[in-house]
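**Q**
6 protein chains.
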Amino acid sequence: MAKILLINPNISDSVSALIRAEAARSASPGSVVEVLTAPFGVAYIETRFEALIGAYAAAQLAGEHHARFDAVVVAAFGDPGLAALREVLPCPVTGLTEAALASAMQLGQRFSIVAISQRIRAWYRETVEHCGLVGRLASIRGLDEPLADIGNVQGDQGERLVQLAERCVVDDGADVIVLAGAPLAGLARSLAGRLPVPCVDGVSSAVRHAELLVAQRPGRARSGSFAPPPPKPHAGLPPAIEALLRGPAPPG
Amino acid sequence: MAKILLINPNISDSVSALIRAEAARSASPGSVVEVLTAPFGVAYIETRFEALIGAYAAAQLAGEHHARFDAVVVAAFGDPGLAALREVLPCPVTGLTEAALASAMQLGQRFSIVAISQRIRAWYRETVEHCGLVGRLASIRGLDEPLADIGNVQGDQGERLVQLAERCVVDDGADVIVLAGAPLAGLARSLAGRLPVPCVDGVSSAVRHAELLVAQRPGRARSGSFAPPPPKPHAGLPPAIEALLRGPAPPG
Amino acid sequence: MAKILLINPNISDSVSALIRAEAARSASPGSVVEVLTAPFGVAYIETRFEALIGAYAAAQLAGEHHARFDAVVVAAFGDPGLAALREVLPCPVTGLTEAALASAMQLGQRFSIVAISQRIRAWYRETVEHCGLVGRLASIRGLDEPLADIGNVQGDQGERLVQLAERCVVDDGADVIVLAGAPLAGLARSLAGRLPVPCVDGVSSAVRHAELLVAQRPGRARSGSFAPPPPKPHAGLPPAIEALLRGPAPPG
Amino acid sequence: MAKILLINPNISDSVSALIRAEAARSASPGSVVEVLTAPFGVAYIETRFEALIGAYAAAQLAGEHHARFDAVVVAAFGDPGLAALREVLPCPVTGLTEAALASAMQLGQRFSIVAISQRIRAWYRETVEHCGLVGRLASIRGLDEPLADIGNVQGDQGERLVQLAERCVVDDGADVIVLAGAPLAGLARSLAGRLPVPCVDGVSSAVRHAELLVAQRPGRARSGSFAPPPPKPHAGLPPAIEALLRGPAPPG
Amino acid sequence: MAKILLINPNISDSVSALIRAEAARSASPGSVVEVLTAPFGVAYIETRFEALIGAYAAAQLAGEHHARFDAVVVAAFGDPGLAALREVLPCPVTGLTEAALASAMQLGQRFSIVAISQRIRAWYRETVEHCGLVGRLASIRGLDEPLADIGNVQGDQGERLVQLAERCVVDDGADVIVLAGAPLAGLARSLAGRLPVPCVDGVSSAVRHAELLVAQRPGRARSGSFAPPPPKPHAGLPPAIEALLRGPAPPG
Amino acid sequence: MAKILLINPNISDSVSALIRAEAARSASPGSVVEVLTAPFGVAYIETRFEALIGAYAAAQLAGEHHARFDAVVVAAFGDPGLAALREVLPCPVTGLTEAALASAMQLGQRFSIVAISQRIRAWYRETVEHCGLVGRLASIRGLDEPLADIGNVQGDQGERLVQLAERCVVDDGADVIVLAGAPLAGLARSLAGRLPVPCVDGVSSAVRHAELLVAQRPGRARSGSFAPPPPKPHAGLPPAIEALLRGPAPPG
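Heads up: the protein sequence lines correspond to chains A, B, C, D, E and F, in order. At the far end of the first sequence sits residue 252, using this note's numbering, and the numbering has no gaps. At the far end of the second sequence sits residue 1252, using this note's numbering, and the numbering has no gaps. At the far end of the third sequence sits residue 2252, using this note's numbering, and the numbering has no gaps. At the far end of the fourth sequence sits residue 3252, using this note's numbering, and the numbering has no gaps. At the far end of the fifth sequence sits residue 4252, using this note's numbering, and the numbering has no gaps. At the far end of the sixth sequence sits residue 5252, using this note's numbering, and the numbering has no gaps.
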């Protein structure tokens, strides 16, 4: 049981709705999930520059709202801003990629990622590299065509996504499929039984891992590279960012 | 909520008692944990040959008892037999190392392992390599002296273990400490607040990740390298092993 | 000959002055360098969260000012926002780390980084990992004590920095020393002849590599993962960021 | 000249016969080879779980019989139990994969493995990873169809195996072909001159490397991670396993 | 401005002419470039043995002529003898591969190499591995057919080379194309605007990086593994090689 | 049984004598070993430039003499010219490093190298990297003081070398010690029983592996990157080098 804030670092309310629905289905009884949509940014993140924007938006939302929550989730695959927020938030924080990989690594040896576009693959690959797990990455496959409607990818492209997953297993040697990206939230659930290997998605993974990290109470970093940044002069920052920099007290 | 079988692949009842106590403290309300001790093997596993024995014992216990459970945990750091059991069990299966690393990777970038002996370090290192996470391993440090009592390592060596953890942070650059091995089960909990970085242990991580994997319902492998082994002649096997080879039906 | 914009992603005018002086000394005859200081942020970047802020500030300055320049330099070691800006700027863009490593890799096989603090080492290490060159990294060593004055690190700590460099060579096997961070701009020049191996710093490397990339005219990405982001809805962005997202035309 | 025990960790007498014939052809004059078949297990090993069984069977045979021999070979590709046996046997011990790779690495830079099935490839890949040589692995290709007769793969599938090897060279960049698995024992010999690159198989490699290691007399580990396991309580073990645990004396 | 010696380690005057033309086009105003052709060797280098010959020829030319120059370039992709010359020359020395990669790494994350033959790919791959950048290598593609005229590859095969580059981007995920090999010198320039991603070639990169390294004045190694070799007896060496071994004095 | 040519790529007759003695002790009954000393070069190789010279000298000796032999050994640790010679010689060819590692990898998981100087360590490390085994390298330790007599290192420094080996085991985690370099030929034999882990040296390993490769008859490369170099114009080469380039016929 935990109060979990999911931050959609993009501006798409339709994607937030998908996240909210899947988060609610995934949360344990007694847990509370809340999804906030970025007040500025792009419709969905495919590139490093879009992720830079999303990271800053996520940080602002986190600074404004985290105090009411036990854990925070960066609710975009690619985890924009995740490691940065881990330094300054007093509570556990995870992301769709990191959480999905934490499940996937316990379900098989090699995993593939199925994604919503070709372009997005490079950014996802770099995220997996940052996680140190690129040696277990079998492949990343993405949809070929431009998205007609970011809030309805599953309806438009469901069959194609299943085909991509099958190719990951047969051609690339995947033991596990990761359905990547908030626009695919809930798809793993609706495909239950149709894929030849275990399948996880980011939103349900992140909600459950957030609950787990809250329950595990691992303690907060007072030293090492995830301790709060050393105090130093700053200027011109939005209040929410400034509040994070001031270094919130460790949990009581 | 899940029924979880923890298999101690060693013969030490005193270690099983530590596992049982920490598992009970870690499990969610409504979950049931049961710990079984290997009927044959060694007092505790430090080497590859001891792990070979433990893996076979774990497989026998798993074959005999898994049907009553929703998930199985190989309850020794080093995860003897884990990947093998993942092929043949119809339910999720995790191990102390894999589960602890799945938590650690969401708490910081680099982690160190604190262990009960010098000898055990090579085997742990190979386990982390097999997990594909050696690039994030800051160090493995172990106690220097022979263990007087495997069931009371924490009492005998508690201060020394804290010192090792501190060296991992200051000298080796660890962001997270993993307290390794069933004999240290519960130590992370009793050290709460004394370590400068987040700390996880294997037993509590494994119980929680087992619950998570049960809840996530990722589906079972019908293809890929974790599908049940292809049928083929066999002979001379204990009934519990034979039952696993026959390839249990996927969950209904 | 090129017009080069160096963006100090921090708010310290004293550091901008160091950057400006070293950039002027490094630039080829006929080149023009201009240094801009972030209008918001922290005094100097040591952590991932501070880098998140610096990346956003750098993007805003780049969006506002790049049109007058032939190349842009992110003038902080760690290169906050560099890969993101490379997607959206029509001109070459480099950073202190990337440029210093591009020189270092042509001066020896393994390099060490000497830095201004202990804390900063984890972030630098991740930057080198992102560059794919961690296999050639001999070590990162940093000053132990808190900085009294970020604009006068060289004066306060010059001897200590030389000692750190010597330990990198003798103890760690470095063939080349990289003096990291804008606060050390110019130190490599003043240490000429005092270090036992070749030494490069970030600012002079970045200015020269920016000139080189302008001269080389490699063409801009119209495809691949550094093409401008695909057009999509956006909202609430500062005009300078929005301008970058609109995807400037390739150079004529 | 050496007395070499080859342990077939599977129950297939037909495969033992192939091993025996190739071992006899490969052994130096004066050497003696003996092949023992596992008293329990499966017809041939393709998966991690089957390897767990084979490892335990190999350990029992090794414990019972090693005293009469100068060296022991685990005669299945994938080397089940090899590293474990290396800790407890007083004589050199090698396996089909390790020995074949030790030859292959002296015949070219990158090697491919040709195997008897698709399923077996994941296990082989993990074995190569454990050997630390995955950076030199060009590819693993396997037969597509189920095996009609494990003792007659070469007769049934000889042409297809040659085609796979040719694709490894042309499409994957292999400099050397490793014909994997005891069921292919002798095939390298019969293909002499038909493959475009050097070719080794596991059985002949293992016999020769076992002879080499006996001749080299490198001494036995009294320290480090391959010394005999530290003495500790044990229970319920088969006499052959128990004998190995007792830690045989180093060779006189 | 620098005097740069480019050493063609092959005997082809037609290739030296291509190198000379592109070097002259690439050099900064005031720089002087001179190209020398190996007095012994092969027409062009595709293999490790040919590179061994080219390295020795390059060393002889370097020994005879370096004193008149500020920098030396080994003007063959694959950089035969480069690291060796870096130990003994008192001036900066670079090579076509190293310099091209130093540019490419600042233009995108992953790069592909387009080469003049299939055979040459293995040697290039090993060169990239030696540079520590194989993790950023998307692919190496080469022409299929034997070269009719090494001095006219661009004319004969220009269209095919463009097609190969396009496949590197679309199929292999390259962000940058490296046109490899002295026989392709100048091609990047003539293809300006025709490739979908930034493109660099070796000769222009090497000239510019040589100028940069001269300007940067990083100092020479007096310690570490690129210091001059320790004095020791030698015999039978050509005077130019002997002169290099005597260890030239550091630049004044 | 094989006729083996060992090429000492240095000019030191005293080292050739050590090689000859150890090779004779290591060879199987009936094998013939012959050691040739380079007609030009340095006293012993510690650096990349010295290796460049040694590689060329080794190639000349190989070209002149290989026809009388069944196998060729490059008898210097670091293996100068080895991969190049493998392309052009019709018989197996190995080197001290490669052969020693091929033994070491079958004796434990991680190995350390003990060497004759500090300077030599960088070159050895690069050799291990080229072998793809750097992930199994525990450490390289070398003597600190200048060598008084290259032909009597063992007598002068025997105790110190043993101490270095012990530190490799205790401090660095080595399972196996490799005594590196022809000047240490025979030391492993004389230290039998004094080291706590298995120990191999280069000369005895290379002789035995050469015999093994001759016996194994793997066939010669007609395709792939170790086939003879494609015919092309050449000029000015010594007859022995030219003969190798002409591409000797495959063995009958």
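Where a beta carbon is used, it is the ideal one built from N, C-alpha and C, also for glycine.
Can you check the segment 21-50 of chain A for any beta strand (DSSP E) of at least 3 residues that lies completely inside it and give the ranges in chain order?
**A** Listed in chain order, the complete beta strand (DSSP E) runs (minimum 3 residues) inside the segment 21-50 of chain A are 32-37.
**Q** For a test of the three-state rule: what should DSSP assign to Asn5152 of chain F, helix, strand or coil?
**A** Taking the sixth sequence and counting its residues from 1, one reaches residue 5152 of chain F at position 152. Helix at Asn5152 of chain F.
**Q** Under 8 Å between beta-carbons, which chain C residues line up against Gln1109 of chain B? List them in chain order, please.
**A** Along the second sequence, one-based indexing puts residue 1109 of chain B at 109. Neighbours of Gln1109 of chain B on chain C, chain order: Ala2122, Glu2126.
**Q** What does Gly2173 of chain C touch in chain F if you count any residue whose Cβ is under 9 Å from its own?
**A** What you label residue 2173 of chain C is simply residue 173 of the third sequence in a count that begins at 1. In chain order: Arg5121, Ala5122, Arg5125.
**Q** What number of angstroms, rounded off, separates the C-alpha of Lys3232 of chain D from the C-alpha of Pro1080 of chain B?
**A** Reading the fourth sequence from its first residue, position 232 is the one you call residue 3232 of chain D. Reading the second sequence from its first residue, position 80 is the one you call residue 1080 of chain B. One C-alpha to the other measures close to 18 Å.
**Q** Express the C-alpha separation of Ile2140 of chain C and Gly2151 of chain C in angstroms, rounding to a whole number.
**A** In the third sequence, counting from the first residue as 1, residue 2151 of chain C sits at position 151. In the third sequence, counting from the first residue as 1, residue 2140 of chain C sits at position 140. If I take the Cα positions, the gap works out to 22 Å.
**Q** Would you be able to state if there are at least three C-beta pairs under 8 Å between the segment 5190-5206 of chain F and the segment 5020-5035 of chain F?
**A** Enough Cβ pairs lie closer than 8 Å, so yes.
**Q** Taking only beta-carbon atoms, is Val2178 of chain C less than 8 Å away from chain E?
**A** Taking the first residue of the third sequence as 1, we reach residue 2178 of chain C at position 178. Val2178 of chain C does not count as touching chain E.
**Q** Since Asn4008 of chain E and Ala4182 of chain E should fall inside the 8 Å C-beta cutoff, what is the C-beta to C-beta distance between them, to a whole number of angstroms?
**A** As a first step, residue 4008 of chain E must be located in the fifth sequence, where it is residue number 8. As a first step, residue 4182 of chain E must be located in the fifth sequence, where it is residue number 182. Sure, about 6 Å apart at Cβ, within 8 Å.
**Q** In the segment 181-204 of chain A, which residues sit with their C-beta less than 7 Å from some C-beta in chain B, listed in chain order?
**A** Result list: Ala192, Gly193, Leu195, Pro196, Val197, Pro198, Cys199, Val200, Ser204.
**Q** Just checking Val1074 of chain B against the ligand ZN - is the residue's beta carbon closer than 7 Å to any of the ligand's heavy atoms?
**A** In terms of ligand content, the structure shown is empty, and the ligand ZN therefore cannot be addressed.
**Q** Let me check understanding here. Comparing Cα to Cα, which of E:Leu4244, E:Leu4161, E:Phe4111 lies closest to Ser2225 of chain C?
**A** Mapped onto the third sequence, residue 2225 of chain C falls at position 225. If we check each option's Cα against that of Ser2225 of chain C, E:Phe4111 comes out closest.
**Q** Could you check what DSSP says for Leu2107 of chain C in three-state terms: helix, strand or coil?
**A** The residue you call residue 2107 of chain C lines up with position 107 of the third sequence. Looking at Leu2107 of chain C - three-state DSSP - the assignment turns out to be coil, as it is neither helix nor strand.
**Q** List in chain order: all unbroken beta strand (DSSP E) runs of 3+ residues lying wholly within the segment 3055-3114 of chain D.
**A** Within the segment 3055-3114 of chain D, the complete beta strand (DSSP E) runs of at least 3 residues are 3071-3074, 3093-3095.
**Q** Ile3113 of chain D and Val3178 of chain D look like a contact to me (Cβ under 8 Å); what is the Cβ gap, rounded to whole Å?
**A** Working through the fourth sequence from its first residue, we reach residue 3113 of chain D at position 113. Working through the fourth sequence from its first residue, we reach residue 3178 of chain D at position 178. Sure, about 5 Å apart at Cβ, within 8 Å.
**Q** Can you give me the Cβ contacts of Arg2136 of chain C inside the same chain, cut-off strictly under 8 Å, excluding the 5 residues immediately before and after it?
**A** Looking up residue 2136 of chain C in the third sequence gives position 136. Excluding sequence neighbours, Arg2136 of chain C sits near Met2105, Gln2109, Arg2110, Phe2111.
**Q** Per the contact definition of three or more C-beta pairs closer than 8 Å, is the segment 2085-2097 of chain C in contact with the segment 2065-2074 of chain C?
**A** Result yes; three or more Cβ-Cβ pairs closer than 8 Å.
**Q** At what residue ranges does the segment 3166-3233 of chain D contain a whole run of the beta strand (DSSP E), taking only runs of 3 or more?
**A** Runs found: 3176-3179, 3199-3201.
**Q** Return the residue from the list D:Leu3187, D:Gly3219, D:Glu3211 that minimises the CA-CA distance to Val3015 of chain D.
**A** On the fourth sequence, residue 3015 of chain D is found 15 positions in, with the first residue counted as 1. The residue with the shortest Cα to Cα distance from Val3015 of chain D is D:Leu3187.
**Q** What number of angstroms, rounded off, separates the C-alpha of Leu3143 of chain D from the C-alpha of Arg3194 of chain D?
**A** Taking the fourth sequence and counting its residues from 1, one reaches residue 3143 of chain D at position 143. Taking the fourth sequence and counting its residues from 1, one reaches residue 3194 of chain D at position 194. Their Cα atoms are separated by approximately 19 Å.
**Q** Determine the DSSP secondary structure at Arg5141 of chain F, reduced to helix, strand or coil.
**A** Sequence index remark: in the sixth sequence, residue 5141 of chain F carries index 141 (1-based). Arg5141 of chain F: strand per DSSP, three-state reduction.
**Q** Let me confirm a value: Glu1046 of chain B is counted as buried when at least 16 other C-beta atoms fall within 10 Å, else exposed. Which label applies?
**A** One-based indexing of the second sequence puts residue 1046 of chain B at position 46. Buried.
**Q** Along the alpha helix (DSSP H) that carries Leu3245 of chain D, what are the first and last residues, could you check?
**A** Within the fourth sequence, residue 3245 of chain D is the residue found at index 245, counting from 1. 3239-3245 is the extent of the alpha helix (DSSP H) around Leu3245 of chain D.
**Q** Helix, strand or coil, according to DSSP, for Leu5147 of chain F in the structure here?
**A** Position 147 of the sixth sequence, counted from the first residue, corresponds to residue 5147 of chain F. Here Leu5147 of chain F sits in coil by DSSP.
**Q** Using a Cβ distance threshold of 8 Å, determine whether the segment 3052-3064 of chain D contacts the segment 3028-3035 of chain D, with at least three qualifying pairs required.
**A** Too few Cβ pairs lie closer than 8 Å, so no.
**Q** Just list the residues that DSSP pairs Leu5006 of chain F with in beta bridges.
**A** Within the sixth sequence, residue 5006 of chain F is the residue found at index 6, counting from 1. Answer by DSSP bridge pairing, in chain order: F:Val5035, F:Val5073.
**Q** If we count the other Cβ atoms within 10 Å of its Cβ and call it buried at 16 or more, is Glu126 of chain A buried or exposed?
**A** Taking the first residue of the first sequence as 1, we reach residue 126 of chain A at position 126. Under this definition Glu126 of chain A is a buried residue.
**Q** Can you tell me whether Ala2950 of chain D is buried or exposed? The criterion is at least 16 other CB atoms within 10 Å of its CB, across all chains shown.
**A** No answer is possible for residue 2950 of chain D: it lies beyond the span of chain D, which begins at 3001 and ends at 3252.
**Q** My understanding is that Val176 of chain A touches Pro196 of chain A, with C-beta atoms under 8 Å, so please give their C-beta distance in whole angstroms.
**A** For the purposes of this step, residue 176 of chain A is identified with residue 176 of the first sequence, where counting begins at 1. For the purposes of this step, residue 196 of chain A is identified with residue 196 of the first sequence, where counting begins at 1. Wrong, their Cβ atoms sit about 11 Å apart, outside the cutoff.
**Q** Going by C-alpha to C-alpha distance, which of C:Asp2013, C:Leu2082, C:Ala2174 sits closest to His2130 of chain C?
**A** Working through the third sequence from its first residue, we reach residue 2130 of chain C at position 130. Among C:Asp2013, C:Leu2082, C:Ala2174, the Cα nearest to that of His2130 of chain C is on C:Leu2082.
**Q** With a threshold of 16 other CB atoms inside 10 Å of the CB of Pro2029 of chain C, please say whether the residue is buried or exposed.
**A** Residue numbering aside, residue 2029 of chain C sits at position 29 when the third sequence is read from its first letter. Exposed is the call here.
**Q** Mind listing the chain E neighbours of Val2074 of chain C? Cutoff is C-beta to C-beta under 9 Å, in chain order.
**A** In the third sequence, residue 2074 of chain C corresponds to position 74, counting from 1. Here the premise fails: no neighbours, minimum Cβ distance about 12 Å.
**Q** Return the chain-ordered list of same chain residues with a C-beta closer than 7 Å to the C-beta of Ala3210 of chain D, the five sequence neighbours on each side being excluded.
**A** Counted from its first residue, the fourth sequence places residue 3210 of chain D at position 210. Around Ala3210 of chain D: Ala3002, Ile3004, Ala3071, Val3073, Pro3092, Thr3094.
**Q** So Leu3006 of chain D packs on Ala3084 of chain D, CB below 8 Å; how close in whole Å?
**A** Along the fourth sequence, read from residue 1 onward, the residue named residue 3006 of chain D stands at position 6. Along the fourth sequence, read from residue 1 onward, the residue named residue 3084 of chain D stands at position 84. Wrong, their Cβ atoms sit about 17 Å apart, outside the cutoff.
**Q** Do Ala1215 of chain B and Arg208 of chain A have their CB atoms nearer than 8 Å?
**A** For the purposes of this step, residue 1215 of chain B is taken as the residue at position 215 of the second sequence. For the purposes of this step, residue 208 of chain A is taken as the residue at position 208 of the first sequence. Cβ distance < 8 Å, so Ala1215 of chain B and Arg208 of chain A count as in contact.
**Q** Apart from the five residues just before and just after Ala1148 of chain B, which ones in its own chain have a Cβ nearer than 8 Å to its Cβ?
**A** The count along the second sequence starts at 1 and reaches residue 1148 of chain B at position 148. Here the set comprises Asp1156.
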